[in-house]
Every structure is written in structure tokens, then in C-alpha cells.
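Take a look at the structure set out below.
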Amino acid sequence: MTAAAASPEDLAPIQARTLFVMRDGRLTAINDVGRPAPPRCFLSYTATAVTAWTSTAVPADLTDELDRWAADQTPAPLTELVSPPAGALRLLARHAPVTESFVGPAYAVPDSADTPAPPGITLRDCGPSESSRFRETFPEVADTLAERQPTVAAFDGHRAVAVCCAARDGGEAYEAGTETLPSHRGRGLASALVTRWARLVRARGARPLYSTEWDNHSSLSVAKRLAMELYAVNVSLY
Numbered sequence: 034m035t036a037a038a039a040s041p042e043d044l045a046p047i048q049a050r051t052l053f054v055m056r057d058g059r060l061t062a063i064n065d066v067g068r069p070a071p072p073r074c075f076l077s078y079t080a081t082a083v084t085a086w087t088s089t090a091v092p093a094d095l096t097d098e099l100d101r102w103a104a105d106q107t108p109a110p111l112t113e114l115v116s117p118p119a120g121a122l123r124l125l126a127r128h129a130p131v132t133e134s135f136v137g138p139a140y141a142v143p144d145s146a147d148t149p150a151p152p153g154i155t156l157r158d159c160g161p162s163e164s165s166r167f168r169e170t171f172p173e174v175a176d177t178l179a180e181r182q183p184t185v186a187a188f189d190g191h192r193a194v195a196v197c198c199a200a201r202d203g204g205e206a207y208e209a210g211t212e213t214l215p216s217h218r219g220r221g222l223a224s225a226l227v228t229r230w231a232r233l234v235r236a237r238g239a240r241p242l243y244s245t246e247w248d249n250h251s252s253l254s255v256a257k258r259l260a261m262e263l264y265a266v267n268v269s270l271y
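If you're matching positions, the sequence shown starts at 34 in my numbering and goes up one per residue.
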């Protein structure tokens with residue numbers, strides 16, 4: 034079963050629920066192994082609206098102000114949203130200075146034809162019992178493979194040289210996480226793996242999503258190569 038098509042305005046909250054653990058609409062943790070602390074504010078810009086989610090560390094009155102600020106924002110072309118908004122920074126500074134921020138695009142992965150692997154490279158799906166395959170080159174994946182399903186990888190002989198896995202599993206959607214060894218970059222492995230991974234996600238009846246930062250040119254190239262649909266820009270403020 035494949036998830037029905039969704040508008041950008043629908044995808045934005047789906048992505049937020051995929052990226053974070055929430056309680057009563059507030060962020061309590063990043064939806065990852067170990068449940069790291071979330072940003073104090075997560076903003077999702079679509080072509081028509083801005084939505085703010087705040088962590089439980091932010092006072093309720095400041096959360097209300099951030100919600101009002103977001104509702105008052107005039108939509109702008111998504112590709113122009115490349116830096117943290119000054120208004121949100123000023124509001125959060127009343128609580129504590131913003132120490133770190135991340136800004137970047139969020140994409141829906143299209144249903145594309147499989148990209149063939151380069152000569153000498155084998156692509157395969159890797160289940161939870163195959164962690165030993167990643168121990169040498171991707172030890173973090175090896176340690177968390179059961180939580181990263183579905184996972185697909187590229188092998189040069191018996192050596193894993195690139196991987197695409199579920200960086201976030203929200204049930205209704207999954208966020209892709211990719212990594213390629215420096216020796217094998219520039220060969221289209223990430224694109225081939227994301228396409229294969231997205232098909233496995235759809236087979237679960239879920240949506241394959243992909244997000245990055247504006248300065249991650251390798252990830253942006255994958256999005257362009259696969260003609261991904263830009264539906265939002267994310268801003269994380271810590």
C-alpha cells in the first residue's frame with residue numbers, strides 16, 4: 034500500500050512528527066536513538082505558511098509569541114530562505130541566546146526508476162541481522178541497524194562503501210540518512226540508494242522524505258538528480 038499524495042502544507046507537520054518526539058504539540062526529543070535534546074524552536078516554511086514548534090524547555094508565553102510571529106510572516110520563495118529569521122532569534126533570545134542554528138530544504142522523494150549501480154558495485158537491502166557488514170566502514174550504522182530500517186547499501190566486493198537508512202522513523206513517514214566513503218563519492222551511489230530505499234519505505238505504506246542543509250552540496254546534488262519536490266525549508270534554533 035502506498036501513502037496518498039499530500040500537499041506541502043500536509044507534509045510539513047508530518048515531517049515534524051517524524052523528526053521529533055512530541056507531547057501536546059511541544060518538542061520533547063529528537064526522534065533518534067538515545068533521544069537527543071531537540072532544538073528550542075523548529076520552524077517549517079512552506080510556500081503559504083510558517084509553522085513554529087517549540088521544545089518543552091521554552092516558557093509557554095514565549096511559545097505563544099513565537100506562534101503569533103509565525104502566523105504573521107509573509108510567504109517568501111523557499112529558495113530565498115537561507116538564514117535564520119531575525120524575528121525568531123530576537124524572541125528566543127529573551128529565554129537564552131541562540132547558540133546554534135541549521136537551515137535547509139525539505140524534499141519529498143519521487144517514485145523514480147532504479148538507478149543502475151556502477152560496474153563492480155552491488156546494491157542490497159540489509160536487515161537488522163546484518164550489522165557485521167557495516168562494522169568496518171560504518172560502525173554507527175552497525176550499532177543501530179535495527180533502529181535504522183529500512184537500510185540499503187552499496188558494496189564494493191564485501192566492503193560497504195555507501196549506505197542509505199532511516200535516519201528518522203515516524204511511522205507515517207521516514208527521513209533518509211545517507212553516507213558514502215570519500216573514496217567512492219561522485220559515482221552516483223547516494224542517488225541509487227535513495228531511490229531503492231524510498232521504494233522500501235513506500236512498500237510499508239509510508240512517505241519517503243529527505244532533508245539537508247543549504248551548505249551540504251552533495252546532498253543538494255542528490256535531490257536535484259532525483260528531481261525531488263521541495264515542499265518546505267526547515268530552521269532549527271538551539
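Here a beta-carbon is modelled for each residue, glycine too, at the ideal position from N, C-alpha and C.
Is it buried or exposed, residue i, if we count other Cβ atoms within 10 angstroms and call 16 or more buried?
i: R73; result: buried
i: P117; result: buried
i: P149; result: exposed
i: G153; result: exposed
i: P110; result: exposed
i: D202; result: buried
i: A209; result: buried
i: A126; result: exposed
i: A225; result: buried
i: A93; result: exposed
i: R181; result: buried
i: A231; result: buried
i: R56; result: exposed
Have a look at the options and flag the residue whose alpha-carbon is nearest the alpha-carbon of residue i.
i: G67; options: V54, S77, F75 and L76; result: V54
i: S162; options: T184, P151 and G153; result: T184
i: T155; options: A175, P118, A104 and A195; result: A195
i: L60; options: S88, Y78 and L76; result: S88
i: C159; options: E173, L178 and T84; result: L178
i: A82; options: E42, A129, F75 and A38; result: E42
i: A119; options: L99, I63 and T79; result: L99
i: H191; options: R235, V234, A38 and R168; result: R168
i: G259; options: T228, E180 and W247; result: Residue identity check: residue 259 is Leu in the sequence provided, not Gly. Ranking T228, E180 and W247 by Cα distance to L259 puts T228 first.
i: V131; options: A38, T112 and V91; result: V91
Excluding five sequence neighbours on each side, which residues of the same chain lie with their C-beta closer than 8 Å to the C-beta of residue i?
i: E205; result: A36, I47, R50, T51, A239 and R240
i: W27; result: A question about residue 27 goes unanswered here, because the residues of the chain that appear run from 34 up to 271.
i: R218; result: S251
i: N249; result: G137
Helix, strand or coil: which one does DSSP assign to residue i?
i: W247; result: coil
i: V142; result: coil
i: G204; result: coil
i: V66; result: coil
i: L95; result: helix
i: T228; result: helix
i: F167; result: helix
i: A90; result: coil
i: L242; result: strand
i: D189; result: strand
i: A223; result: helix
i: S134; result: strand
Just to confirm my understanding: we take residue i, look at its own chain, exclude 5 residues before and 5 after, and list those with CB closer than 7 Å. What are they?
i: M261; result: Y140, A141, V142, P143 and Y243
i: A121; result: C74, L76, L99, W102 and L270
i: F171; result: A193, V196 and E212
Cβ of residue i within 7 Å of Cβ of residue j?
i: A199; j: T213; result: no
i: L79; j: A45; result: According to the sequence displayed, residue 79 carries Thr and not Leu. Taking 7 Å as the Cβ cut-off, T79 and A45 qualify as a contacting pair.
i: S164; j: A146; result: no
i: R220; j: P151; result: yes
i: A62; j: P71; result: yes
i: V234; j: Y207; result: yes
Starting from the C-beta of residue i, find all residues in its chain whose C-beta is less than 6 Å away, skip the five residues before and the five after it, and write them out in chain order.
i: S27; result: One cannot answer for residue 27 here, as it falls past the ends of the chain, which runs 34 to 271.
i: T245; result: G137 and S252
i: D65; result: none
i: V266; result: Y78, L111, L114 and P138
Cβ-heavy atom distance between residue i and the ligand HEM below 6 Å?
i: P172; result: As presented, the structure is devoid of all ligands, the ligand HEM included, so that no description of it is given.
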